[in-house]
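Colleague: Sharing a structure below in structure tokens format, with a few things to ask.
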Amino acid sequence: MSLTVFLSFLLFTGFVVIFTYRKVKRDQHHSKDGFFLGGRSLTGGLIASSLILTNLSATSFVGMSAQAYTNNMSVMGWEVASGVTLVIIALLLVPRYLKQGITTIPDFLESRYDMSVKKFVTLLFLCQYVINILPTTLYAGAVVLAEIFDIKDLLGITEFQSIALISATIGLLGFFYAIYGGLKAVVIADTINGIGLIIGGLMIPVFGLIALGHGSFSTGLDTLLSAAPEKLQSVGSEKDPLPFSTLFTGLLLVNLYYWGTDQSIVQRVLGAKNLKEAQKGVIGAGLIKVISPLFLIIPGVIAYHLFGANAGNPDSMYTRLVNEVLPKPLVGFFVAVMFGAILSTFNGVLNSSTTLFALNVYKPLFGKGKTDLELIGKGRIFGVVIAIISICIAPFIMFAPEGLFQYLQMVAGFFSVPIFTIVFVGYISKRVPAIAAKIALAVFVTSYASMQLIFKVELHFLHQLAILFVACTLLMFVIGYFYPRTTDYKMPINESIDITPWKFRFEASAIVLYMVLGAYIMFSNIGFISDDPSYMQIYAACGVIMLAGIIFRTRQQKKRQAALSQ
Numbered sequence: 048m049s050l051t052v053f054l055s056f057l058l059f060t061g062f063v064v065i066f067t068y069r070k071v072k073r074d075q076h077h078s079k080d081g082f083f084l085g086g087r088s089l090t091g092g093l094i095a096s097s098l099i100l101t102n103l104s105a106t107s108f109v110g111m112s113a114q115a116y117t118n119n120m121s122v123m124g125w126e127v128a129s130g131v132t133l134v135i136i137a138l139l140l141v142p143r144y145l146k147q148g149i150t151t152i153p154d155f156l157e158s159r160y161d162m163s164v165k166k167f168v169t170l171l172f173l174c175q176y177v178i179n180i181l182p183t184t185l186y187a188g189a190v191v192l193a194e195i196f197d198i199k200d201l202l203g204i205t206e207f208q209s210i211a212l213i214s215a216t217i218g219l220l221g222f223f224y225a226i227y228g229g230l231k232a233v234v235i236a237d238t239i240n241g242i243g244l245i246i247g248g249l250m251i252p253v254f255g256l257i258a259l260g261h262g263s264f265s266t267g268l269d270t271l272l273s274a275a276p277e278k279l280q281s282v283g284s285e286k287d288p289l290p291f292s293t294l295f296t297g298l299l300l301v302n303l304y305y306w307g308t309d310q311s312i313v314q315r316v317l318g319a320k321n322l323k324e325a326q327k328g329v330i331g332a333g334l335i336k337v338i339s340p341l342f343l344i345i346p347g348v349i350a351y352h353l354f355g356a357n358a359g360n361p362d363s364m365y366t367r368l369v370n371e372v373l374p375k376p377l378v379g380f381f382v383a384v385m386f387g388a389i390l391s392t393f394n395g396v397l398n399s400s401t402t403l404f405a406l407n408v409y410k411p412l413f414g415k416g417k418t419d420l421e422l423i424g425k426g427r428i429f430g431v432v433i434a435i436i437s438i439c440i441a442p443f444i445m446f447a448p449e450g451l452f453q454y455l456q457m458v459a460g461f462f463s464v465p466i467f468t469i470v471f472v473g474y475i476s477k478r479v480p481a482i483a484a485k486i487a488l489a490v491f492v493t494s495y496a497s498m499q500l501i502f503k504v505e506l507h508f509l510h511q512l513a514i515l516f517v518a519c520t521l522l523m524f525v526i527g528y529f530y531p532r533t534t535d536y537k538m539p540i541n542e543s544i545d546i547t548p549w550k551f552r553f554e555a556s557a558i559v560l561y562m563v564l565g566a567y568i569m570f571s572n573i574g575f576i577s578d579d580p581s582y583m584q585i586y587a588a589c590g591v592i593m594l595a596g597i598i599f600r601t602r603q604q605k606k607r608q609a610a611l612s613q
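Number 339 in our numbering belongs to position 292 of the sequence shown; there are no gaps in the numbering.
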């Protein structure tokens, strides 16, 4: 590893740390909203960048490019379909969350059902964070950084020691952001790293195509589009890792859970200064998710053309591409923003864990009469404990059986869609009782466990989740029919938050949905890999019509506002 790479990495990382510290050192975080929700002052840009950085990690870059290298672009469904999900959440869920003024998702479950449902879901969140997400995030990040920096040979240590060292570094910096600075520090760092990640991520395919074309970008692009067109197929078959049919079943539900109810994600939205900024941030994140295959998946296809089909471990293709096609100073910059993405996932989940513990565990049991400052202190102590536990667990993951990450993806179904199910029914019904939520959670988890661990059902796990969602939703309504609540549920209203919606929310949502459709048209049998240009022409014409409609509606709005002001 050259000194230039290491210095450029340190310079950018150091800039982010110092800038973040200067921004938050004046904030004393004496209130729980100040620490856990950034003082409810987050703007659209901060929310969008923080959502993306919390979502992306080393496993996103390495894993998705590896699947594109081995199979095709069907895995892009995880990214592109999120654009549709984020539009739904921005228009339907975000207004409800801010209208209630909740701090955590379990707060809504307590209001809608009862305290025991809230406690059970809080426990599910914490178990997932402490046992699954935090250690694996550290491990995946450490593996990538150790390979790029060649820490093992540089310091003369073992692979285990290099992973432990990098895991501890990520963990300590994550502790600084999440525990010292609270959510405000997290999103400020995420904003800087988010800009860097998009710039750095897009550099990989650009320099990769130049290398593929032996110095010519256009030649490289022509090779990408024509040499092996089957690699650009986004419509996955049943044999692919992500069949196209799952986009309309379990994948939609998993995305709705993740973007709409997972505390580490939703906490950014709950910290918005108003509904307008929240909707800007969520829809903006949807826009970025639609273009993310350019820097997450296309590099895997480029690596296939550059290195061949059997060039080694697919998981190493992304880091190999970075090292071979980027100029050395840019390698350091990209690794720095990659480090920021890894760090963001860790500190985002850590901050959410402290929030859940302080407000949903400690406060109800021991915090009566405690000040906000005391609650923050207990949350920080809990954060220290789980950060240390995660740092200790992370390096030992290297001894786990092969395929651990795919297994963990499947295990996520044990809590993701079950939680979304009871949140979904809670919002669309008024009479379904708490006992229905408890029974549905138990039935869902045990049924899914039986399918995965005992009967080994030959059906994609996302389809299994969709079937159980429908079954448990119906079960809750049946219970609600025979044993309804004594009174209709009325959602509490928090008058302190401005819930005036963003006036351009529909236009922005239309653009995101149009781009989702375009992504699937271009990377399919009727797009780049088709000899028939008619579909692309129809798509372009629809875009012109949509743009004309947006311009017309914007002008009409301005005329109405001018008339009202007079």
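The C-beta atom is built at its ideal place from N, Cα and C for all residues, glycine as well.
A quick note: this is a predicted structure, and the numbers were derived from the prediction, not measured.
1) Should the segment 122 to 137 be regarded as contacting the segment 329 to 340, the criterion being three or more beta carbon pairs within less than 8 Å?
2) Quick one: is Val525 buried, meaning 16 or more other Cβ sit within 10 Å of its Cβ, or exposed?
3) Using the beta-carbon count (16 or more within 10 Å), is Val122 buried or exposed?
4) Indicate the three-state DSSP secondary structure (helix, strand or coil) for Asn370 in the structure shown.
5) DSSP on Leu451, reduced to helix/strand/coil?
6) Which of the three DSSP states is assigned to Leu412 in this structure?
7) Please classify Met111 as buried or exposed, where buried requires at least 16 neighbouring CB atoms within 10 angstroms.
8) Pull the bridge partners of Leu89 from the DSSP assignment, please.
9) Output yes or no for whether 8 Å exceeds the beta carbon distance between Val348 and Ala115.
10) Bridge partners of Asp545, per DSSP?
11) What's the C-alpha gap between Ile475 and Thr296?
12) Could you give the DSSP three-state label for Ala481: helix, strand or coil?
13) What does the alpha-carbon distance come out to for the pair Lys199 and Ala319?
14) Which residues bound the alpha helix (DSSP H) around Arg427?
15) Looking only at its own chain, which residues have a Cβ that is under 7 Å from the Cβ of Val134, when we skip the five neighbours before and after it?
16) Can you check the segment 298 to 368 for any alpha helix (DSSP H) of at least 4 residues that lies completely inside it and give the ranges in chain order?
17) Gly267 to Ile257, Cα distance in whole Å?
18) Does the beta-carbon distance from Leu403 to Thr169 come in below 8 Å?
19) Taking the alpha carbon of Ala484 as the reference point, which residue from Ile213, Met523 and Ser265 has its own alpha carbon closest?
20) With distances taken Cα to Cα, identify the nearest neighbour of Leu138 among Arg552, Pro374, Ile149 and Ser273.
21) Does the Cβ of His77 have 16 or more other Cβ atoms within 10 Å, making it buried, or fewer, making it exposed?
22) Out of Met538, Asp161, Leu322 and Ala434, which has the shortest C-alpha to C-alpha gap to Leu145?
23) By how many angstroms is the C-alpha of Pro442 removed from the C-alpha of Gln208?
24) Compute the distance between the beta-carbons of Val492 and Phe461, then report whether it is under 8 Å.
25) Using the beta-carbon count (16 or more within 10 Å), is Gln310 buried or exposed?
26) Could you tell me the boundaries of the alpha helix (DSSP H) in which Pro290 lies?
Modeller: In terms of the structure at hand:
1) yes
2) Here the question's residue 525 lines up with position 478 in the sequence shown. With fewer than 16 Cβ atoms within 10 Å of its Cβ, Val525 is classed as exposed.
3) As a first step, residue 122 is located in the sequence shown; it is residue number 75 there, counting from the start. Taking a 10 Å sphere around the C-beta of Val122, we find 16 or more other C-beta atoms and assign the residue as buried.
4) As a working mapping, residue 370 is identified with position 323 in the sequence shown. Helix.
5) Your numbering for residue 451 matches position 404 in the sequence shown. The pLDDT assigned to Leu451 is 48, lower than 50, so where the model puts this residue is not dependable; a value taken from the coordinates is nonetheless given after this. Note: Leu451 maps to helix in three-state DSSP.
6) Residue mapping note: residue 412 aligns to position 365 of the sequence shown, counting from 1. If DSSP states are grouped into helix, strand and coil, Leu412 belongs with the helices.
7) Residue mapping note: residue 111 aligns to position 64 of the sequence shown, counting from 1. Buried is the call here.
8) For the purposes of this step, residue 89 is identified with residue 42 of the sequence shown, where counting begins at 1. Under DSSP, Leu89 shares a beta bridge with Ala319.
9) Translated into the one-based positions of the sequence shown, residue 348 becomes position 301. Translated into the one-based positions of the sequence shown, residue 115 becomes position 68. Result yes, Cβ atoms of Val348 and Ala115 sit closer than 8 Å.
10) As a position in the sequence shown, residue 545 is number 498, starting the count at 1. Note: Asp545 sits in a beta bridge opposite Asn321.
11) On the sequence shown, position 428 is the one that residue 475 refers to. On the sequence shown, position 249 is the one that residue 296 refers to. Going from the Cα of Ile475 to the Cα of Thr296 covers about 19 Å.
12) As a working mapping, residue 481 is identified with position 434 in the sequence shown. Looking at Ala481 - three-state DSSP - the assignment turns out to be helix.
13) Within the sequence shown, numbered from 1, the residue matching residue 199 stands at position 152. Within the sequence shown, numbered from 1, the residue matching residue 319 stands at position 272. So the two alpha carbons sit approximately 43 Å from each other.
14) Counted from its first residue, the sequence shown places residue 427 at position 380. Its alpha helix (DSSP H) spans residues Asp419 to Ile440.
15) Within the sequence shown, the letter at position 87 stands for residue 134. Only Ile330, Gly333, Ser556, Val559 and Leu560 meet the Cβ criterion.
16) 310 to 317, 322 to 338, 340 to 343 and 345 to 354
17) Counted from its first residue, the sequence shown places residue 267 at position 220. Counted from its first residue, the sequence shown places residue 257 at position 210. Computed Cα separation, rounded: 6 Å.
18) Against the sequence shown, residue 403 aligns to sequence position 356. Against the sequence shown, residue 169 aligns to sequence position 122. Cβ distance < 8 Å, so Leu403 and Thr169 count as in contact.
19) For the purposes of this step, residue 484 is identified with residue 437 of the sequence shown, where counting begins at 1. The option with the nearest alpha carbon to Ala484 is Met523.
20) Taking the first residue of the sequence shown as position 1, residue 138 is located at position 91. The candidate whose alpha carbon is nearest that of Leu138 is Arg552.
21) Taking the sequence shown and counting its residues from 1, the one referred to as residue 77 is at position 30. Unreliable positioning characterises His77 in this predicted model, as indicated by a pLDDT of 47, which lies under 50. The coordinate reading is nonetheless provided below. It is exposed - the Cβ of His77 has fewer than 16 other Cβ atoms within 10 Å.
22) The residue labelled residue 145 in the question sits at position 98 within the sequence shown. That would be Leu322, whose Cα lies nearest to the Cα of Leu145.
23) Residue numbering aside, residue 208 sits at position 161 when the sequence shown is read from its first letter. Residue numbering aside, residue 442 sits at position 395 when the sequence shown is read from its first letter. If you take the alpha carbons of Gln208 and Pro442, they lie about 8 Å apart.
24) If you number the sequence shown from 1, residue 492 lands on position 445. If you number the sequence shown from 1, residue 461 lands on position 414. In this structure, Phe461 lies closer than 8 Å to Val492 by Cβ.
25) Taking the first residue of the sequence shown as 1, we reach residue 310 at position 263. Buried, by the Cβ-count rule.
26) By 1-based counting over the sequence shown, the position of residue 290 is 243. It is not in any alpha helix (DSSP H) - Pro290 carries neither H nor E in the DSSP assignment.
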